[in-house]
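Undergrad: Each position in the sequence shown, counted from 1, maps to that position plus 76 in my numbering. By construction, the Cβ of each residue, glycine as well, lies at the ideal position given by its N, Cα and C atoms. None of the values given here were measured: they were computed from a predicted structure. Would you mind keeping the following structure in view while I ask a few things?
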Amino acid sequence: MLTRLLAVQQIINDITYTPQPRTGLTAKQIKKLKSLANNHLDWELLQSLATVLTPFYLATRCLSGRQYPTLALSYWVTQNLHLFLSTEIPDAPLENAFLHLLLNKFRFYFESKVTFEQKRGKLIAAYLDPFTLDELSVEEIDEAESLITNEAKICGAARQQPTTTTPPSQLPQQQSSSSSVTITKRSRVSTINQFKSSCHRTPAATPKSAQTQKPLSIKEEFSLYISTNKSSKDFETYWNEQQNLLPILSSFVRRYSVIPATSVASESAFSVAGYVHRKQRSSLSPTTLRYLMLLKK
């Protein structure tokens, strides 16, 4: 809304500053319009507010839609927002004041209110997604590898105990496990690029390690993953190809990377289901039949 308002700033000024009597307005209406005129400071405040809120608007678009946004994308978005709010804009006192106020609220809701398990799950998911891995810092990569190593040791010790265990589940189906960052969805990639640009974020440099041969330990899987993650930016494609070479990491993918970050996609699905049930259940069109048979469009 702010962007649209600023786009017609000149028109609004013409109407409020110099309303023409020939348009059929009464003297009382002209006086009312002049009282609604924005001064220079008002427009400057609106422009500063639009600049600060643009990354939040694009972040909402990244985490919304009919595809399920993953924890990896959620972690990446929140980290970029934190970096944006923590960086002052040169010669922009109004923007910096807004950034400071938003940063305090951001830390309260996204740091103080978030549990350790939630932070750990998001970081592991971000590490296991080839797209978000490129955006992680060296410290974040080291922390994620340490978390995965410790959890893998615990899981390995549990498997050695003489207890009945359920067989490991296969990788999720293609339609439900796709990362929300997919190369085939140009609109989503465009939104992500716009979000990165609005946050003034440059990709973090990630270390490279030499590829090792099988059999692989957890450390060796880390090295192989780091060296091959650039082969495909598509989360689903990469892990379908590498699940046999990286069995330990693929088990963490099944555990963390399929958790949706928001409920927007589920709400959309229920909305479509309700519409089909109420309005189109008697229709035999291909689209309606797909929805009625619970097949994804």
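Would you identify the three-state DSSP class for T338, choosing helix, strand or coil?
TA: Translated into positions along the sequence shown, residue 338 becomes position 262. Here T338 sits in coil by DSSP.
Undergrad: Just curious, the alpha helix (DSSP H) that K189 is in, first and last residue?
TA: On the sequence shown, residue 189 is found 113 positions in, with the first residue counted as 1. K189 -> no alpha helix (DSSP H), and no H or E assigned at all.
Undergrad: To which residues of the same chain is R137 closer than 7 Å at the C-beta, ignoring the five residues directly before and after it?
TA: By one-based count along the sequence shown, residue 137 stands at place 61. Taken in chain order, the residues that qualify are T267.
Undergrad: Hey, quick one: how far does the alpha helix (DSSP H) through N316 stretch, first residue to last?
TA: For the purposes of this step, residue 316 is taken as residue 240 along the sequence shown, with counting starting at 1. Segment 311-318, the alpha helix (DSSP H) holding N316.
Undergrad: When the Cα of F298 is compared with those of I224, V340, A345, C275, which residue comes out closest?
TA: Numbered from its first residue, the sequence shown carries residue 298 at position 222. Here the closest residue by C-alpha is I224.
Undergrad: Mind checking whether L147 and G197 have CB atoms under 8 Å apart?
TA: As a first step, residue 147 must be located in the sequence shown, where it is residue number 71. As a first step, residue 197 must be located in the sequence shown, where it is residue number 121. Yes, the pair counts as a contact, with Cβ atoms nearer than the cut-off.
Undergrad: Run through DSSP, which three-state label would T146 get?
TA: Counted from its first residue, the sequence shown places residue 146 at position 70. T146: strand per DSSP, three-state reduction.
Undergrad: Got a sec? Which residues, its chain only, sit under 6 Å from T130 by beta carbon, not counting five neighbours each side?
TA: As a first step, residue 130 must be located in the sequence shown, where it is residue number 54. The answer, listed in chain order, is S274.
Undergrad: Can you tell me whether A201 is buried or exposed? The criterion is at least 16 other CB atoms within 10 Å of its CB, across all chains shown.
TA: Taking the first residue of the sequence shown as position 1, residue 201 is located at position 125. Flag for A201 reads buried.
Undergrad: Measuring alpha carbon to alpha carbon, tell me which of F174, N269, A345, A220 ends up nearest K195.
TA: On the sequence shown, position 119 is the one that residue 195 refers to. Minimum Cα distance to K195 is reached at A220.
Undergrad: In three-state terms, what does DSSP make of S131?
TA: As a first step, residue 131 must be located in the sequence shown, where it is residue number 55. First, the amino acid is wrong: residue 131 is Pro here, not Ser. Of the three classes helix, strand and coil, the one that applies to P131 here is helix, per DSSP.
Undergrad: Using a Cβ-Cβ cut-off of 8 Å, state whether L117 counts as contacting chain C.
TA: The chain labelled as chain C is not found in the depicted structure, where only one protein chain is given.
Undergrad: Within its chain, find whatever has a CB closer than 8 Å to the CB of E120; leave out the 5 residues flanking it on each side and keep chain order.
TA: Start at 1 with the first residue of the sequence shown, and residue 120 comes out as number 44. Once the five neighbours on either side are set aside, the close Cβ partners of E120 are L170.
Undergrad: Spell out a yes or no on whether the segment 205-222 and the segment 179-195 are touching, meaning 3 or more CB-CB pairs, one atom from each, closer than 8 Å.
TA: Cβ pair count under 8 Å is below three, so no.
Undergrad: Would you tell me roughly how many angstroms separate the C-alpha atoms of S111 and P362, rounded to the nearest one?
TA: Residue 111 sits at position 35 when you count from the first residue of the sequence shown. Residue 362 sits at position 286 when you count from the first residue of the sequence shown. About 56 Å.
Undergrad: Could you spell out where the alpha helix (DSSP H) holding K295 opens and where it closes?
TA: Taking the sequence shown and counting its residues from 1, one reaches residue 295 at position 219. First-last of the alpha helix (DSSP H) with K295: 294-304.
Undergrad: How long is the line joining the alpha carbons of H116 and L139, rounded to whole angstroms?
TA: Against the sequence shown, residue 116 aligns to sequence position 40. Against the sequence shown, residue 139 aligns to sequence position 63. The straight-line gap from Cα to Cα measures roughly 35 Å.
Undergrad: Using only CA atoms, which one of K104, R80, A83, L134 lies nearest to Q270?
TA: Residue mapping note: residue 270 aligns to position 194 of the sequence shown, counting from 1. The residue with the shortest Cα to Cα distance from Q270 is L134.
Undergrad: Quick one: measure Cβ to Cβ for I294 and I324, integer angstroms, because I've assumed they're closer than 8 Å.
TA: Within the sequence shown, residue 294 is the residue found at index 218, counting from 1. Within the sequence shown, residue 324 is the residue found at index 248, counting from 1. With a Cβ gap of about 5 Å, I294 and I324 count as contacting.
Undergrad: Could you check if N320 is buried or exposed, using at least 16 other CB atoms within 10 Å of its CB as the buried criterion?
TA: Within the sequence shown, the letter at position 244 stands for residue 320. N320 is exposed by the Cβ-count criterion.
Undergrad: Assuming L78 and A113 form a contact by the criterion Cβ under 8 Å, report the distance between their Cβ atoms to the nearest whole angstrom.
TA: Start at 1 with the first residue of the sequence shown, and residue 78 comes out as number 2. Start at 1 with the first residue of the sequence shown, and residue 113 comes out as number 37. Contact flag wrong, Cβ pair sits at about 18 Å.
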